[in-house]
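Each residue of the sequence shown is one higher than the last, beginning at 0 in numbering that gives the first Met the number 0.
Beta carbons: idealized from backbone N, C-alpha and C, even for Gly.
Just so you know, these numbers come straight off a predicted model, no measurement behind them.
Worksheet: one structure, shown below.
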Amino acid sequence: MKKAIIIMIVVLAGIHTSAQILTGIVYDKATKLPVPGVYVYLNGTSFTDATTNSGRYTLSVKQAINTRLVFSHLAYETIIIEDPFMKLPDTIYIEERLNLLSEVTVQSDPFSRKQKMKAFREQFLGQTPAGKSCKILNEDDIHVCFNIALKTLSASSDQPIEIINEYLGYRITFMLADFSAEYLNVTLNPNRIWKAYYLGTSSYEDLAPDDKKITRRRDNTYEVSSQNFFKNLAYDPLFDVDSLKKHTFRIYNRYDRETSVSSVFLIKDTLSLKIIHIAGDNENTNPDNPLLWITVSNRNSEYPASLFYSRISFFTDALLVDKYGNIDQIDKVVFSGQMGFSRAGDMLPLNYEPGNLKF
C-alpha cells in the first residue's frame, strides 16, 4: 500500500521588519462610511481584533510573522493583505457581499452525509488525540460530496468553521477555501487515503492559558513540528552535526546517512528574518522532482522511546524563516511522515512560543 501524503498549503508572505503595531480604518467602499465589527486577524495566529464604531482596528504584534492580514465580515467580501509588515494601507475599503444562494449540486454517491462528515473530520482535523478531541460547532454549514470518478471527497462552507480543540485548549475559527481528500478506491476508509489537501485562513483563541497539563501537550506537539525544526535550524548557531545531541532532531540525506546542516543549507541574516539557501541535486533537471529532500528524525520527550520520522522535500532554492520558525513559500515545501501527518487539529498558532521547552 502506498504511504499517504498529506499536503497543507498556506500561502505566506515574506516580511522584512520587526515588532510594530498594525492599525488602520475600514470603510464601506460604496458609502465611504466606517464599518464596525469587522474581524481582523493575522492568519494562523492568536492576534485578532474587531473594528470599533469608527472602523478602527489595532493589532499589537511582538515581532513580525510570515503570514497575511485578513479582514472578515459576514456582510462583506473578505480582504487579504499579503505582506502587512511591509506595506499596509492606512485605509481598507470593503465591498458588500452579494446575497446569492449557494449552488448545491446533487450527485449520486454510495455514502450518507453522516459517513462523509465522519471522513471530513478524520482528514481535516486528524485522528490524533488532539484531532479526535476537536468538536465542530456548526457542522450544518459544511457541504460535503464524494466524486466517484475521481475517488475524492470535497467540502466547502460559506461560513467560518468554528472548532473547539479540547486537547490543546483552543477555539479555532477557520475560513475554509478548499478541501479535498483523494482515496485509492471508492471508499472512505482512512487506511485507503492517498492524499489530502486543505486551504484557508484561521485564528486562535486561547481557552486554557494557565492550564499546565494543556501547556505540556502544546509543547510536545510543538516539539515534533516543522516550526520547531526550522526555528532551531535558522536561529541556533550551534545547530549542526557536531552539536545535534543537544537537540532531539537528526538530519539524514537521500542515502540515509546522518549529515551536517552546512552540507545542505546555507543560513544568512536578512534584517529580522533568516534566509536559508538550499543546496540541491545538481543532476536534477526535472521541475517535478524536489531540488532536495531530507529525512528528519525526532525523539519526543513525552514518549522518549518513540522515534518520529519526517521527510521534507524542497522545490525551491531559498526560504525565509521568521523567529517563530514559520517559513514562506510553504507551497514549495512538502512534508510527509510525522510532520505531514498533522491536520488542523494538531496545528498550533503561528506565534506559539513553548512554555516548557528551552531555546
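Helix, strand or coil at residue i according to DSSP, with G and I counted as helix
i: Asp345; result: helix
i: Ser45; result: coil
i: Ser309; result: strand
i: Gly324; result: coil
i: Lys331; result: helix
i: Asn65; result: coil
i: Asn188; result: coil
i: Val39; result: strand
i: Phe248; result: strand
i: Phe340; result: helix
i: Val359; result: What is shown of the chain runs 0 to 358, which leaves residue 359 out entirely.
i: Ser71; result: strand
i: Ser107; result: coil
i: Ser259; result: coil
i: Asn288; result: coil
i: Tyr92; result: strand
i: Thr50; result: coil
i: Thr294; result: strand
i: Leu318; result: strand
i: Glu76; result: strand
Residue-level contact to chain B via CB, residue i, 8 Å cutoff
i: Val295; result: Absent from the structure: chain B. Only one protein chain is present.
Member of the options whose CA lies at the smallest distance from the CA of residue i
i: Ser312; options: Met338, Gly324, Leu58, Asn190; result: Met338
i: Tyr75; options: Val39, Ser335, Ile213; result: Val39
i: Ile80; options: Thr22, Gln122, Leu97; result: Thr22
i: Ser261; options: Asn219, Asp255, Tyr251, Thr269; result: Tyr251
i: Lys86; options: Ser45, Arg67, Arg96; result: Arg67
i: Thr127; options: Asp108, Thr90, Ile160, Glu165; result: Glu165
i: Thr220; options: Ile266, Gly336, His142, Ser341; result: Ser341
i: Gly36; options: Thr186, Ile162, Leu73; result: Leu73
i: Leu183; options: Asp157, Gly199, Leu149; result: Leu149
i: Ser137; options: Ile160, Gln19, Gly130, Phe84; result: Checking the sequence shown, residue 137 turns out to be Asn, not Ser. When only C-alpha atoms are compared, the closest one is Ile160.
i: Thr369; options: Val34, Asn231, Gln122, Arg249; result: Nothing can be reported for residue 369, as the shown portion of the chain is limited to 0 through 358.
i: Arg191; options: Ser202, Gln122, Glu204; result: Gln122
i: Gln198; options: Asp218, Gly344, Glu204, Met174; result: Reading the sequence as shown, one finds Leu at residue 198 and not Gln. Looking at the Cα atoms, Met174 is the closest of the given residues.
i: Tyr203; options: Asp27, Leu265, Asn350, Tyr26; result: Asn350
i: Asp321; options: Asp157, Ile293, Phe229; result: Phe229
i: Ile275; options: Leu319, Asn288, Thr200; result: Leu319
i: Ile64; options: Ser71, Leu41, Gln158; result: Leu41
Alpha-carbon spacing of residue i relative to residue j, whole angstroms
i: Arg112; j: Asp139; result: 10 Å
i: Ser296; j: Arg310; result: 9 Å
i: Val332; j: Thr50; result: 35 Å
i: Lys115; j: Thr151; result: 11 Å
i: Ser59; j: Glu94; result: 26 Å
i: Leu347; j: Cys133; result: 13 Å
i: Asp209; j: Lys61; result: 20 Å
i: Pro88; j: Ile24; result: 9 Å
i: Leu290; j: Ala317; result: 11 Å
i: Arg253; j: Leu97; result: 52 Å
i: Val69; j: Tyr323; result: 20 Å
i: Thr77; j: Glu257; result: 46 Å
i: Asn227; j: Tyr234; result: 10 Å
i: Tyr56; j: Thr44; result: 16 Å
i: Ala180; j: Asp108; result: 15 Å
i: Gly354; j: Thr214; result: 7 Å
i: Thr315; j: Ile277; result: 8 Å
i: Asn361; j: Phe334; result: Residue 361 falls outside the range modelled here, since the chain spans only 0 to 358, and no answer is possible.
i: Gly125; j: Ala118; result: 10 Å
i: Cys144; j: Ala29; result: 37 Å
i: Ile147; j: Asp177; result: 19 Å
i: Lys212; j: Leu167; result: 9 Å
i: Ile329; j: Ser153; result: 22 Å
i: Asp327; j: Val185; result: 36 Å
i: Ile141; j: Thr47; result: 24 Å
i: Gly189; j: Ile20; result: Position check: residue 189 holds Pro in this sequence, whereas Gly was assumed. Distance between the alpha carbons of Pro189 and Ile20: 44 Å.
i: Ala195; j: Leu32; result: 42 Å
i: Asn231; j: Arg120; result: 32 Å
i: Ala129; j: Thr172; result: 16 Å
i: Asn325; j: Leu206; result: 23 Å
i: Arg216; j: Phe307; result: 16 Å
i: Glu222; j: Val263; result: 22 Å
i: Arg249; j: Asp255; result: 11 Å
i: Trp292; j: Tyr92; result: 43 Å
N- and C-terminal bounds of the beta strand (DSSP E) containing residue i
i: Gly354; result: Unbroken run through Gly354: none, as it is neither H nor E.
i: Phe264; result: 264-269
i: Leu21; result: 19-27
i: Leu272; result: 272-277
First through last residue of the alpha helix (DSSP H) which encompasses residue i
i: Gly54; result: Segment: none, Gly54 is in no alpha helix (DSSP H) and carries neither H nor E.
Any non-hydrogen atom of the ligand GDP closer than 7 Å to residue i Cβ
i: Leu290; result: Of ligands this structure carries none, so the ligand GDP is not represented either.
### Query
For the segment 112-185, which segments carrying the beta strand (DSSP E) assignment without a break, of at least 3 residues, lie completely within its bounds, in sequence order?
For the segment 112-185, whole beta strand (DSSP E) runs of length 3 or above, ordered along the chain, are 133-135, 141-146, 151-156, 160-164, 169-182.
### Task
Could you tell me which uninterrupted beta strand (DSSP E) segments, each at least 3 residues in length, are contained entirely in the segment 192-242, listed from first to last along the chain?
192-205
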